[in-house]
Amino acid sequence: MLVQGIANTKLMTKYHDLVFSNKLYAGRRRYFSQYIQNYPLPDINSAEAKAIIKTVKALNKPIGNEEREQLIETLEVQVAKSFGVPPVLNLD
């Protein structure tokens, strides 16, 4: 759940673009296992990681669009906090 939460954020998309910089046609990214295995992860026992896991579990349940959007925003903030950086608001 921790990897799922981190990998699906704007922060990790930005990280992926900066570190691996190999986009395909139409700006699509390659997600090879050798890239993903190098993603940084916070300590799974930390309070931040536990909060991320809790949010991901909530996102994996059937919920309404408004609640989903709120949880996605919460996840963005939690992941950024776990790395001590500001949240990524957009990818432009």
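First residue of the sequence shown? That's 34 in our numbering, and the numbers climb one at a time after it. We put the CB at the ideal spot given by N, CA and C, even for glycine.
Quick check: what's the CA-CA separation for LYS94 versus LYS87? 11 Å
Between the Cα of LEU51 and those of VAL110, TYR68, GLN103 and ILE105, spot the shortest distance and give me the residue it belongs to. TYR68
ALA101 lies in the alpha helix (DSSP H); which residues open and close that run? Residue 101 is actually Arg in this sequence, not Ala. 98 to 116 is the extent of the alpha helix (DSSP H) around ARG101.
Counting beta carbon pairs with one atom in the segment 54 to 63 and one in the segment 99 to 118, are three or more of them shorter than 8 Å? no
Classify LYS94 as helix, strand or coil using the three-state DSSP reduction. coil
Leaving out the 5 sequence neighbours to the left and right, which residues in its chain are closer than 7 Å to PRO119 when beta-carbon positions are compared? ALA113
Taking the alpha-carbon positions, what's the SER79 to SER115 distance? 9 Å
Taking the alpha helix (DSSP H) that ALA40 falls in, what are its first and last residues? 35 to 40
Give every residue of the same chain whose Cβ lies closer than 8 Å to the Cβ of LEU35, excluding the five residues on either side of it in the sequence, and list them in chain order. LEU74, PRO75, ILE77, ALA82, ILE85, ILE86 and VAL89
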